[in-house]
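Peer 1: Sharing a structure below in structure tokens format, with a few things to ask.
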Amino acid sequence: MFAKPCEMSLRIKKLQALFDGRMDPNHPDWPDLVHEYKNRMAGYRGEKSVDFYLSMLPEADYQIYHDIRLLYGKYYFQIDILLLCAMFGLALEVKNRSGEIHFKRELNQAFLRKNGQEERIKNPVLQAKLQARKLNGWLQEHHFPNVPIHYLFVNSNEKTLITAEHGNEEILRNVCNSEFLIEKIEQIKEFQKIEKLGSKDLKKVNKLLLSKHTPDNPDILKQFHLSPKDIPTGVKCPDCRFLPMTYHSGTWWCPKCNAKSKTAHIPAINDYFLLIKPTITNSELREFLHIDSIRVASHFLTTADFPHSGTFKDRVYHHPVLQ
């Protein structure tokens, strides 16, 4: 049974909203935002590319979870991709870095070599191993049978070279490029032939994983030292990104490039939910979109079919995911 395909996380959506016009590029934290956004987008694209290969697996045999995030002890842990079947589990740490990733023997350190420079990075094999260990503990904590949890660092960038220092080649047993992933899974399956989880166990663990999954939902404004007052309001032009567009006779008009749109307010409302708060009122929407009409604002909110509470006069609309 397959979970949904890889979806963009809330963190990336919030970073994207700031990056795409809701944060002043002159802000002192702008370089940090750009760095994190680009790195996380690269990781997201890497997971998407791995999806292509995972789709070749027989659907009836595997449960696949993307970015599953669980509480273990006092802290959360998150696995890029988790595969679960009757015989074993497999935690995948996916990276989409260009350059050369080199594993050294000393302290099991990993280095990224790129453009003539070398920097130490977190060892992705050790990251995968740690997540596998935590998952094993989490399953035991919830009284499931002891299941072998394997782990792999999956390189999704075909231009990346992966090397290991002499004497440290064993670490490459837990490394593969995305195009070799299915074969790796088949090798594990050949090794782990004894079923540890029956069909009822698999259904139970699936239900528990989905119910205990807690998506990462950071206070992105706090992270970059922003307040709601720092967020530029208005509707962005879909063509030139100018803020704000003007609304007249059912159409948004850009005073910079003369582009027109009937739906440019939709991403603006989404930006509000992502960056300001997960609820909105008619008056808050009018202020954010720079419109005066209560009727028009009400039309935007009702046609979006957001869940709501309260009477018409005091109605509050809720984002279906962020609330």
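22 is the number of the first residue of the sequence shown in my numbering; add one for each residue after it. The C-beta atom is built at its ideal place from N, Cα and C for all residues, glycine as well. In this text the structure is predicted, and so the values were computed from the model without any measurement.
Could you give the DSSP three-state label for F73: helix, strand or coil?
Peer 2: Here F73 sits in helix by DSSP.
Peer 1: Under the assumption that H123 contacts T184 (Cβ atoms under 8 Å), give the Cβ distance between them as a whole number of angstroms.
Peer 2: Right, the Cβ-Cβ distance comes to about 5 Å (below 8 Å), so this counts as a contact.
Peer 1: Going straight from the alpha carbon of K69 to that of N117, what length do you get?
Peer 2: Approximately 10 Å between the Cα atoms of the pair.
Peer 1: Using a C-beta cutoff of 7 Å, does F73 count as contacting chain B?
Peer 2: Absent here is chain B; the protein component of the structure consists of one chain.
Peer 1: Could you pull out every unbroken beta strand (DSSP E) segment of at least 3 residues lying fully inside the region 272-333, listed in chain order?
Peer 2: If we require 3 residues or more, the beta strand (DSSP E) runs fully inside the region 272-333 come out as 272-274.
Peer 1: Is L310 closer than 7 Å to H286 when the C-beta atoms are compared?
Peer 2: For H286 and L310, yes; Cβs fall inside 7 Å.
Peer 1: Candidates Q138, E211, L133, N227: which alpha carbon is nearest F182's?
Peer 2: Correcting the residue identity first, residue 182 is Leu in this sequence and not Phe. Ranking the options by Cα distance to L182, first place goes to L133.
Peer 1: Which of the three DSSP states, helix, strand or coil, is assigned to N198?
Peer 2: Three-state DSSP puts N198 in a strand.
Peer 1: Which partner residues does A131 have in the DSSP bridge list?
Peer 2: For A131, which the question treats as bridged, DSSP gives the partners F124, I142.
Peer 1: Taking only the alpha-carbon atoms, compute the straight-line gap between F263 and F245 and give it to the nearest angstrom.
Peer 2: So the alpha carbons of these two residues sit roughly 23 Å apart.
Peer 1: Write down the C-beta distance between Q161 and A112 rounded to the nearest angstrom, noting that I regard them as a contact closer than 8 Å.
Peer 2: Rounded, the Cβ-Cβ distance is 15 Å, inconsistent with contact.
Peer 1: Taking 6 Å as the limit between beta carbons, can you name the residues of its chain near P265, skipping five residues before and five after?
Peer 2: Counting only Cβ-Cβ distances below 6 Å, and skipping sequence neighbours, we find G255, V256, H311.
Peer 1: Using three-state DSSP, classify F23 as helix, strand or coil.
Peer 2: Bear in mind that the predicted position of F23 carries a pLDDT of just 42, short of 50, making it too unreliable to give a figure here.
Peer 1: Leaving out five residues before and five after I192 in sequence, what residues of the same chain have Cβ atoms less than 8 Å from its Cβ?
Peer 2: Closer than 8 Å at Cβ, skipping near neighbours: F124, N129, V146, A185.
Peer 1: Per the DSSP calculation, Q84 is bridged to which residue(s)?
Peer 2: Bridge partners of Q84: L105.
Peer 1: Please determine if the region 82-93 and the region 48-61 are in contact, where contact requires at least 3 C-beta pairs separated by less than 8 Å.
Peer 2: They do not touch, by the three-pair rule.
Peer 1: T267 and K281 - do their beta-carbons sit closer together than 7 Å?
Peer 2: No. Outside cutoff.
Peer 1: Could you tell me the alpha carbon to alpha carbon distance between L39 and R307, rounded to whole angstroms?
Peer 2: Taking the straight line from one Cα to the other gives about 20 Å.
Peer 1: For V175, count neighbouring Cβ atoms within 10 angstroms of its own Cβ and tell me buried if that reaches 16, exposed if not.
Peer 2: With 16 or more Cβ atoms within 10 Å of its Cβ, V175 is classed as buried.
Peer 1: Provide the residue span of the alpha helix (DSSP H) that contains N47, from first to last.
Peer 2: Segment: none, N47 is in no alpha helix (DSSP H) and carries neither H nor E.
Peer 1: Helix, strand or coil for E186? Go by DSSP, reduced to three states.
Peer 2: Three-state result, E186: coil.
Peer 1: Among K277, P276, I252, whose alpha-carbon lies nearest the alpha-carbon of R43?
Peer 2: Minimum Cα distance to R43 is reached at I252.
Peer 1: For a quick check, are the C-beta atoms of R61 and I33 less than 7 Å apart?
Peer 2: Yes, they are a contact pair.
Peer 1: Going by alpha carbons, who is nearest to S248 out of E179, I297, H320, Y74?
Peer 2: Out of E179, I297, H320, Y74, I297 has the C-alpha closest to the C-alpha of S248.
Peer 1: Return the CA-CA distance between S30 and K155, expressed in angstroms with no decimal places.
Peer 2: One C-alpha to the other measures close to 21 Å.
Peer 1: To the nearest angstrom, how far is the alpha carbon of E200 from that of Y74?
Peer 2: Cα to Cα, E200 sits roughly 7 Å from Y74.
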